[in-house]
Structures are given as C-alpha cells and as structure tokens.
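There are 2 protein chains.
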Amino acid sequence: MAGERPEARSGDPRTAGPARRAADRGRYGRLSRARVLASALELVDREGLSALSMRRLGAELGVEAMALYRYAEGKDALLDGLVEALYLELEERLAGQAEASSWRAELQRVARATYEVCLAHPQAVPLLTTRMLAVPLARRPLAVLRNHERVLTLLTGAGFDDAAVVGLFRAFNSWLIGYVSEELRPMVDNPDEEEPAFRLGLHRMPAHELPVLRGVAAALAERGGTEGLATGLDALLDRLAATG
Amino acid sequence: MAGERPEARSGDPRTAGPARRAADRGRYGRLSRARVLASALELVDREGLSALSMRRLGAELGVEAMALYRYAEGKDALLDGLVEALYLELEERLAGQAEASSWRAELQRVARATYEVCLAHPQAVPLLTTRMLAVPLARRPLAVLRNHERVLTLLTGAGFDDAAVVGLFRAFNSWLIGYVSEELRPMVDNPDEEEPAFRLGLHRMPAHELPVLRGVAAALAERGGTEGLATGLDALLDRLAATG
DNA sequence: CAGCGTATGTTTACGCCGTATACGTACACC
DNA sequence: GGTGTACGTATACGGCGTAAACATACGCTG
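Residue numbers (our numbering), protein chains in the order written: chain A, 1 to 244; chain B, 245 to 488.
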C-alpha cells in the first residue's frame, strides 16, 4: 500500500515527466472487466444505483470514464454485467455448500442462496427485473443462463415432461423474484423516530380511508425471511408437481 | 377539434399579438395532473420508459419542460404518478366487474385484473418494482394504498388472524409481481426470423454448455397466461390459509 | 369596468450524463 | 531497437433534471 502511488493523476504534469507507467493506470494497476464490475457493484451497494455513472465509476477506479468502454460496450452492458456479477456470486455460494439430495431440497437450496445474495445487495436487486425485461433470453448474461440450466436440469432429472418442467421453472423464478422484491420494499419512513407508528410514517396516510392497512402496517414491516420463501415455494412445487 | 388551434406555439410572434390565451397553453388547453400522467403513460407505452423525459413529455403536451413541475414535484414523482395511473386503471377495471362471492374468488379476480393491466402496459411494469423499492410504504401513491386496503380487508373479512393476513398478503403480492415480471421477459431475439430457433437467437448461446435450456427454450417462450397465474395463486392461498 | 394578486407557463442557465472520435503512450514481440 | 497494438486520455456534443427569475392572462375585488 504505502509504496503505491495513491493518486495516479496527481502531480504537476510539467515536472512529472512520464507521469505514470501504463501498469499504474487505474488506481491499483490495470483495469479488467472483473475489477470494473466489482467496483461498480461496490459503488451501487454503497450509494445506490443512481450513483452509478460512467464518470463516477471511472473516478472510483482512478480512470477516465471512456476507459470503461474497453470492458463494457456501454452503460446498459455494464448493468447487465452487474446482473452477471450477482449470479456469479450465487454460483460461488452454491459451490461452497453440499448439494441437496432431492430435487425439491436442491431447489430450496438454490432459492435460499438466491435470496441471500439479493439481500446482500439490495440496491442492485431492481436490476434483476429491469434488465430481464430489457434483454431477450438468448442475450442474458452467461451466468444467468447457467443458472437456468441448473434449475432446468434438476427438473428434467426429476422425470417431469416438458410442459411440467416449464411450468415449474416459471413458478420457481416468479416466486423467487417476487418474494425478494416484496421483501425489500422499504417500510420505515423515518428511521430516527422511536414511536413505531411514526417510524412507519403512518400519519402520512389518510387515516379513515385505510383502517385495515393501518392496523396491520406494523406486522407488515416484519420480514418473511427464508421461512416465508420456503413455504411458498413448497406450496407451488407441490401443486405443480402433482398437476404437471 | 377543428376549432382548436392545432399548434399553440406556431405563428409569427411579431404579428400574432398576444399569441395565445392562457387557456390555450398546452397543445389542447390547460394542463392538469391527469393530462400530464395520461400523456406520460401513453408515451411510455408507445416508446418505452427511456423515452420519457421532462423535455420530451413537455413537447408531447405542447409545453416547456418546466411547466410539468406544477403537476409533479420532479421526475421521480412523475414516475410514482405513472404507478398511480396504473392502479387507477386497475380500480376502474375492477369497478366495471361484478365482485366475486368468496374471498378466494375475489382475490383471483383482483389478480387477473392486475395481470391484464400490466400486460396492457408492459413498458411501464418495471416501475412497479423499481418505484416500490424506492418509496416507503406510507409514501406509496394513494391508489396503491387503496389496493392494499382492498386486499387486506378481504383477508381480515375472511377471518384470518393478523399473522395469517400478513402472510397471505405478502404471498399474494409476491406471486403477482413475480409472475407478471416473468411473463413479460422478452424471449424473441429476432422477430424477422422464421425458423423458431433463430427467432429465439439460440445460436447466440454456447450450445454444449446449455443443452437442457436449448431443448425447452421454445416451450419457455410460450406464456403462462392467466391460467398459470391462477394456478400458482391457488396453491399459495391453499397452503397459507391452512397453515395460518 | 379598473386594478391587482395569483395561477400558469417561459426563459435562461448550470452541472451532470452517455458516448463518438481522435489521440498519446508504454508494452510485447520480432 | 523498432514497431504494432492494447490501453487509457482528451475533447466535444447533445440531452438530461431542475433551480431561479420572469412574463402574462385569469378571476376576484371594488
């Protein structure tokens, strides 16, 4: 650390001669797609999606914005890269665990791991829906497709016919993304407030028009957690495995 | 129609005198929040979310961008307004139908109507997840809160205790938004292509690494439709109504 | 009808954004 | 040691959201 030039762009250009060797470019050496994506994800985790701009990310890496275009074709591709990064993290997490013995248990394991990755990067989760709605199947990041392959293999391996596999696959994905999205909806309006009702900002809602919502709002603010996730998934798999 | 000035900003300002009466502002008379939101939604439906900018929407209404700030506090508020518009459309649709007799059937009716509204505005659907993740409960648009109230009322009216109500409510929302999101994922890569495999762009995927996905891709491209929606919802409600 | 406050839309300007294009420059290889 | 190339820089353009100051026509008061 101490030996590294802390800010590659500092110093008077008139006296510094060749200000930096090429390998010094970027705050800690050469760029790479992995470094760009890791830095982008970290930035999003720290400051939210809206803080992610090419210029800002460049600054984060000690580099001009245009340098990033060697590693992502544009901003959209960068966002797809973030999605890919999340799925790579999912693959790592799954690889670090023992596979379950039944297809049901294995799907539960995948679901749980996905949930955990999403909760670890809540600010990035919106990308899972928005980019998926922007990119056709065949252009999804490879890690996403590998995840699809994993789930589909599990289902066909369990002996379901094509129609059932498709139904189960869709239900699995739907429930997963829906559950996570619902789980991450912010409930607290004013974190500094002690009183639960004020914390939730209930005084902002038209009182008499929404009596039931007011009543259960506090309970709604709790999370369903992985139990809720597992319960719903179980219900769906039961039904569709029987029908299909 | 014929009597209205087709383009309020046209004409030579040096000869036109007071170029327009105040009531002529905007392409068809005064602005209003409803008109702004309707125009925004139409623009999004027509050209996608990325086409929606303050300037562009202003032009659409025959008005400068800043004029819109009288009807929405900023771009984010405008997007929340779009979410509200979708829920208002849902309310209309529900009001135009007979209520179902059981709480189960009524939830199915609400789910189906929501699905239909979403499929009518596919380009706007990402807002349902992104804005929901950006806005705490108490600040959601009123129409959204009314929708929550409707569902919660249905559930408490059916006699469930608070814990069960919350579980069912969350499962309902999760499944709904997840199913719609999954349903709207684009599958076709090249609409001009005849051959199904090429249409899907399967040649872009690493063949040997994703054999199962390749095999079911065509089936995956079909939609689950309202049947799939109803089936999954039924499974969830069954399980959670029994457990809760 | 006269005058005025207010509601409504315009103008101008600022800093940020994504990105096309042209350009240096240090490295790897012969 | 010279050269091609991979990598990052520099500059520029049009569009974005929006703050602030401004113009104007309506509706109310007398």
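The beta carbon of each residue, even a glycine, is placed where N, CA and C say it ideally should be. Since this is a predicted model, take the numbers as computed values, not measurements.
Your pair R214 (chain A) and A221 (chain A) does not check out as a contact, with CB atoms roughly 12 angstroms apart and the cut at 8 angstroms.
Across the structure, N147 (chain A) and F442 (chain B) are spaced so that their CA atoms are roughly 22 angstroms apart. Within chain A, the residues V216, A219, L220 and E222 have their CB atoms less than 8 angstroms from the CB of V410 (chain B), given in chain order.
Three or more Cβ pairs drawn from the segment 357-373 of chain B and the segment 424-432 of chain B lie within less than 8 angstroms of each other, which places the two stretches in contact. Look at N434 (chain B) here: in three-state DSSP terms it is coil, with no helix or strand label.
Counting along the chain, the unbroken alpha helix (DSSP H) around Q108 (chain A) starts and ends at W103 to A120.
In the structure shown, Q367 (chain B) adopts helical secondary structure according to DSSP, grouped into three states. DSSP places F172 (chain A) inside the alpha helix (DSSP H), whose first and last residues are D162 to L184. Judged by beta-carbon spacing, P385 (chain B) lies beyond the 7 angstroms limit of D189 (chain A), meaning their Cβ atoms are not closer than that value. Using a Cβ-Cβ cut-off of 8 angstroms, W419 (chain B) is close to S174, W175, G178 and G232 of chain A, given in chain order. For the 7 angstroms CB-CB criterion, L338 (chain B) and A357 (chain B) form a contact.
Take the alpha-carbon of A344 (chain B) and the one of L398 (chain B): they are about 11 angstroms apart. For P455 (chain B), the enclosing alpha helix (DSSP H) stretches over residues P455 to L464. Less than 7 angstroms divides the Cβ of M298 (chain B) from the Cβ of L312 (chain B). Short of 7 angstroms from the beta carbon of I177 (chain A), and not among the five residues preceding or following it, lie these beta carbons of its own chain, in chain order: L128 and T129.
Between L285 (chain B) and L326 (chain B), the gap from beta carbon to beta carbon is short of 7 angstroms. The three-state secondary structure of H392 (chain B), taken from DSSP, is helix. When secondary structure is reduced to three states using DSSP, H452 (chain B) falls in the coil class, being assigned neither helix nor strand.
In this structure, the straight-line span from the alpha carbon of D45 (chain A) to that of D238 (chain A) is close to 36 angstroms. From the beta-carbon of E426 (chain B), the residues of chain A found nearer than 8 angstroms are R170, N173, S174 and I177.
Residue contact with chain B for E149 (chain A): present (Cβ-Cβ distance below 7 angstroms to some residue of chain B). The beta carbon of A402 (chain B) sits closer than 6 angstroms to those of W347, all from its chain and outside the five residues before and after it, given in chain order. The C-alpha of A163 (chain A) lies about 41 angstroms from the C-alpha of D320 (chain B). Looking from the CA of E89 (chain A), the closest CA among A:A38, A:E194 and A:A241 belongs to A:A38. Against chain B, the beta carbon of A235 (chain A) has neighbours under 8 angstroms at A479, L480, D482, R483 and L484, listed in chain order. Selection B:R414, B:A349 and B:L444 evaluated against A217 (chain A) yields B:R414 as nearest (Cα-Cα).
Only exposed fits T487 (chain B), as fewer than 16 other CB atoms lie within 10 angstroms of its CB. Chain order gives the chain B residues near M187 (chain A) as P380 and L381, where near means a beta carbon separation below 7 angstroms. Here the alpha carbons of V212 (chain A) and R353 (chain B) stand approximately 20 angstroms from one another. For the pair L480 (chain B) and A235 (chain A), the CB atoms are nearer than the 7 angstroms cut-off. Each residue's CA atom was taken as its position, placing G302 (chain B) and E291 (chain B) some 15 angstroms apart.
For G472 (chain B), the residues of chain A that pass the 9 angstroms Cβ criterion are G167, R170, A171 and S174, in the order they occur in the chain. Annotation for E64 (chain A): no alpha helix (DSSP H) segment contains it, and DSSP assigns it neither H nor E. Interface with chain A (7 angstroms Cβ-Cβ cutoff): D406 (chain B) is included. In the three-state DSSP reduction, Y71 (chain A) falls in the coil class, being neither helix nor strand.
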